[in-house]
Amino acid sequence: MESTNQELQLANNFVRTTNHHIFLTGKAGTGKTTFLRGLKQNPPKRMVITAPTGVAAINAGGVTLHSFFQIPLSAFVPNSEAYNKAETIWFNKRKLDIMTNMELLVIDEISMVRCDLLDAVDVILRRIRKSSNIPFGGVQLLMIGDLYQLAPVSSQAEWNILRMYYDTNYFFSCMALRNLEVISIELKHIYRQSDSQFIELLNQVRENRLDRVNYEHLNTRYIPEFIPPATEHYITLTTHNSSADRINALRLERLAESTYYFNAAIEGEYPQSLYPTAATLQLKEGAQVMFIRNDTANERRYFNGKIGTIVSLNKEQIRVQCEDIPDAIDVQPITWENIEYTIDNNTKQITEKIIGTFTQYPLRLAWAITIHKSQGLTFEHAIIDANAAFSPGQVYVALSRCKSFEGLVLSSPLATNLIHTDPTITQFMGYITHNPPDQKRLDQAQIIYQQRLLQECWDFQALWINLKKLFNLLRSRQIELTNQTTNKANNKIPNNEIPNNEIPNNEILNNEILNNEIPNNEIPNKVTNIEYLNTIEQNAITDILEVSEYFKRQLQNLYKQDTLPETDAYLQERIRKASNYFRAKLEQRIISWLRELKFGTDNVQLRQKLKQVLVDLQNNIAIKLACIDSCRERFSTPSYLNAIATASIDYKSQIPIPGEKDMAKIDPKDLFGLLHQWRSKIAQQEEQAGDNRYKIFTRSLLRQIVARLPQTPEALESINGIGKTTVKRYGAEILQIINKYCKTYSIKPKQVQTTSKPKEDTRLISYQLYKQGKNIPEIAEQRGLKPTTIEVHLSHYIALGKLSLSDFMSTEKQEKIIEIFSEEGIDSSLTIVKNRLGDDYSYGELQMVQAYLKQRKIV
């Protein structure tokens with residue numbers, strides 16, 4: 080980066096050392112693209128580069144905003160279809176990891192980004208990053224572009240909708256930016272042109288203040304019936320694709336030489352909208368072409384936008400002569416890459432993954448191209464055909480492509496009404512020009528940023544919210560718990576474990592932290608021990624939550640308005656001591672308890688709720704430990720940010736989550752333990768054999784068996800919940816376990832009076848519960864069955880016409896399932912149908928639709 084360009088240096092520092100949103104602008108040729116290339120070569124943070132169009136994204140080395148965020152192309156306003164979809168868009172885990180850990184979002188060519196598109200990005204990032212109150216979910220934006228160039232596009236129908244919510248369709252009118260401070264930096268030094276008079280003329284066109292003298296001077300470049308010299312490569316810049324295509328086709332046809340066709344090699348995912356040039360190039364000797372990539376060889380013989388003439392070609396070779404170099408260029412095919420962002424498993428950095436390639440000669444016919452495609456390019460000679468200009472900034476873009484006034488030719492005189500600028504832009508840019516940031520503002524932004532990071536480091540509210548959810552679940556539901564920890568996980572740490580000088584502030588701990596110690600024995604294996612949980616909760620509040628709030632207030636008093644926290648020696652010492660204290664307390668009060676926590680429940684929904692809460696808690700703890708550990712030696716912004724991002728990806732290694740295999744330990748010596756072990760073994764065997772039944776005997780059923788000690792198949796069948804099929808399949812094994820147990824411990828079971836019980840209609844029971852007002856999850860929980868099983872039960876009554884299919888799923892979902900059944904056949908395997916539809920559709924839903932179709936004989 081050029082060390083003498085103060086604006087570029089300032090922009091670089093704001094990006095790398097603050098979290099302020101930045102709008103980097105400047106006239107054509109001031110180095111905006113060069114600045115972006117520098118960031119890409121040396122990323123300051125975990126960064127994703129985007130642009131509004133495919134061509135702009137390829138040029139910037141990034142992806143389009145629409146593809147990365149999966150945003151529909153329609154207007155994005157509250158209650159619209161696009162808005163509602165943004166609330167529910169499904170992202171795969173790779174994309175979620177990238178969005179969660181991204182620190183910097185770069186948007187190139189921001190002038191073409193519409194206000195509602197930026198709001199869509201805001202809504203999605205808030206949702207994915209679980210930061211509903213923070214614009215863009217806390218991600219820093221770097222927006223690059225010149226508002227005087229190409230404007231965003233919206234049809235009249237779209238603007239009729241947008242105008243109800245936005246003042247303009249430019250990005251700065253988006254709702255997310257209305258109350259945000261955006262640092263606007265304007266690059267002033269122009270590298271493309273050196274003629275001061277031409278630069279002033281371009282500035283007047285750009286800002287819609289072209290005076291009479293410069294207007295007349297500009298129109299002197301209208302040369303009637305101009306014929307470009309054969310030795311100079313003029314390119315015509317037109318407003319529409321059709322004009323450019325027509326000129327190129329006509330000029331190519333005039334050449335008498337043979338036409339050669341060169342087909343691109345396309346691999347993987349590379350959609351046509353991203354093609355940098357034609358998939359099949361039609362070229363002739365004598366054709367004027369433009370290079371569309373920079374030369375990657377050491378000689379740097381050509382660059383993007385350089386014009387030349389094909390001097391020879393055959394099926395294997397294309398040679399291009401450019402006017403400023405003596406030797407013809409032997410052009411070789413170049414590969415463009417379609418990338419997606421991913422996270423490197425080793426470094427945890429956001430990296431680019433190639434998902435498709437387009438290999439072709441880096442050329443396109445160049446007697447003419449559109450002004451839109453010329454944005455960002457530089458030409459020695461150009462013919463400007465702008466009489467059909469339809470957008471503000473088009474004329475300025477066209478004129479500013481030329482390096483010199485003399486290299487510019489107008490195809491017709493430019494009318495004054497074609498040179499116009501949106502007054503909104505003039506007003507907005509006027510404010511930026513008169514309020515530029517300076518070094519003092521940068522220094523203050525760096526101080527505020529580091530202070531914010533430190534406040535976040537010692538804020539345990541997010542962790543506490545998830546811990547509270549876990550406590551509430553354990554208290555409110557009948558969950559079997561066991562905890563093999565002794566008082567070592569709950570008693571005070573001996574004085575020699577945390578030296579007195581390692582505590583954040585001795586005054587913080589004047590009071591005894593613990594008033595109620597856990598007795599030095601094991602918590603019994605029974606329903607949730609409320610007193611025990613209360614003690615764990617109080618310890619966390621007293622030792623961690625209250626102390627952290629005190630320490631944050633203390634930090635506020637220690638901050639200095641003119642000193643970076645990184646350079647404050649006393650503050651660094653306090654941070655180091657706090658790190659050691661909170662690291663120990665997290666381990667002592669929460670982590671050790673979670674490591675030993677075991678639970679067991681047959682309620683699938685409850686188990687899933689517990690697992691999700693524990694996953695969130697696990698993530699919170701891992702990130703908090705990473706924050707704390709990064710400060711144990713010395714706080715610095717880069718190491719702190721790197722620690723957070725790495726931890727949020729690797730959090731699963733920190734604390735194991737109790738699952739089915741870690742459920743409450745059961746004594747295998749008692750009958751319940753024996754039956755439980757038998758149940759687990761049978762379930763595993765049947766799962767391996769492909770039997771997908773929901774469960775074999777619930778815990779409550781096992782307890783009934785233990786209480787009744789049945790000795791015969793009839794006695795076993797008399798237990799509510801056990802039918803003939805179950806007895807036939809498992810009865811002999813169960814009775815063998817019971818009889819052996821009774822014999823071993825000399826237990827004489829009570830005689831059970833058995834009576835034949837009427838077989839219950841399980842479908843009818845589910846139907847009756849549904850008609851009583853219970854929903855499917857509630858019925859499943861009450862009956863100890865899978866929700867999918869209940870759906871299957873109710874599908875019987877849909878087939879009978881007693882229930883409506885619309886009560887269970889949306890019309891859109893019905894139509895999608897019906898469409899697949901129409902293609903596969905009504906009696907098709909549900910597995911085949913489900914594989915085509917994916918995980919958003921349950922087997923129960925498929926059976927409901929199948930029953931509905933059969934009843935009405937639709938398919």
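Each residue of the sequence shown is one higher than the one before, counting from 80 in the numbering used here.
A virtual CB, placed ideally from N, CA and C, is assigned to each residue, including glycine.
- Per the DSSP secondary-structure output, Ile462 pairs in a beta bridge with Thr315 and Val488.
- Counting of Cβ neighbours within 10 angstroms places Pro516 among the buried residues, the total reaching 16 or more.
- With contacts defined by Cβ atoms closer than 8 Å, Leu144 and Ile186 form a contacting pair.
- The Cβ-Cβ distance between Phe93 and Ala726 does not fall below 8 Å.
- Buried is the label assigned to Arg372, since at least 16 other Cβ atoms lie within 10 Å of its Cβ.
- A Cβ-Cβ separation of about 19 Å leaves Tyr381 out of contact with Phe437 under the 8 Å criterion.
- Shown here for Leu754: same chain residues with a beta carbon closer than 6 Å to its own, the five before and five after excluded, namely Leu781 in chain order.
- Annotation: Phe277 to Phe484 spans about 6 Å, alpha carbon to alpha carbon.
- Arg285 and Pro123 have their C-alpha atoms spaced approximately 32 Å apart.
- DSSP, reduced to helix, strand and coil, places Arg554 within a helical segment of the structure shown.
- Under DSSP, Gly133 forms no beta bridge with any residue.
- By the Cβ neighbour-count rule, Asn799 is exposed, with fewer than 16 other Cβ atoms within 10 Å of its own.
- The criterion of a C-beta distance shorter than 8 Å is satisfied by Ile386 and His312.
- When secondary structure is reduced to three states using DSSP, Tyr820 falls in the helix class.
- Note that the stretch 847–861 does not touch the stretch 906–916; fewer than 3 beta-carbon pairs, one per stretch, sit closer than 8 Å.
- For Gln361, the secondary structure class from DSSP, reduced to helix, strand or coil, is strand.
- A direct Cα-to-Cα measurement between Arg443 and Asn327 gives close to 10 Å.
- Assignment of Ala323 by DSSP, reduced to helix, strand and coil, places it in the helix class.
- Leu521 is not a Cβ neighbour of Ile264, given a cutoff of 8 Å.
- Annotation for Asn342: the continuous beta strand (DSSP E) segment containing it runs Tyr339 to Asn342.
- Annotation for Ala447: the continuous beta strand (DSSP E) segment containing it runs Ala447 to Thr449.
- A residue is called buried when at least 16 other Cβ atoms come within 10 angstroms of its Cβ; Glu898 does not meet this threshold and is exposed.
- If you check the CB distance, Thr179 and Arg208 come in under 8 Å.
- For the 8 Å CB-CB criterion, Leu229 and Met191 form a contact.
- Note on Ile213: under 16 other CB atoms within 10 angstroms of its CB, so exposed under the neighbour-count rule.
- Taking 8 Å as the cut-off, the beta carbon of Ala199 is found closer than this to the beta carbon of Phe155.
- Gly216: not part of any beta strand (DSSP E); DSSP gives it neither H nor E.
- In chain order, Phe370, Ile371, Arg372, Asn373 and Leu456 place their CB closer than 7 Å to the CB of Asn383, counting only its own chain and leaving out the 5 sequence neighbours on each side.
- Taking C-beta separations shorter than 7 Å and ignoring five residues to either side along the sequence, the partners of Glu237 in its chain run Ala154, following chain order.
- Taking a cut-off of 8 Å on C-beta distances, the stretch 628–639 touches the stretch 537–545, as three or more cross pairs fall below it.
- If you draw a 10 Å sphere on the C-beta of His99, you find 16 or more other C-beta atoms in it, and that means buried.
- In summary, Ser901 is exposed, with fewer than 16 beta-carbon neighbours lying within 10 Å of its beta-carbon over all protein chains present.
- Non-local beta-carbon contacts of Gly810 in its own chain, meaning distances under 7 Å to residues more than five positions away in sequence, involve Pro792 and Leu795 in chain order.
- Boundaries of the alpha helix (DSSP H) around Asp522: Gln518 to Cys536.
- In the DSSP assignment, Cys481 forms a beta bridge with Phe458.
- As the crow flies, the alpha-carbon of Ser210 is around 35 Å from that of Gly110.
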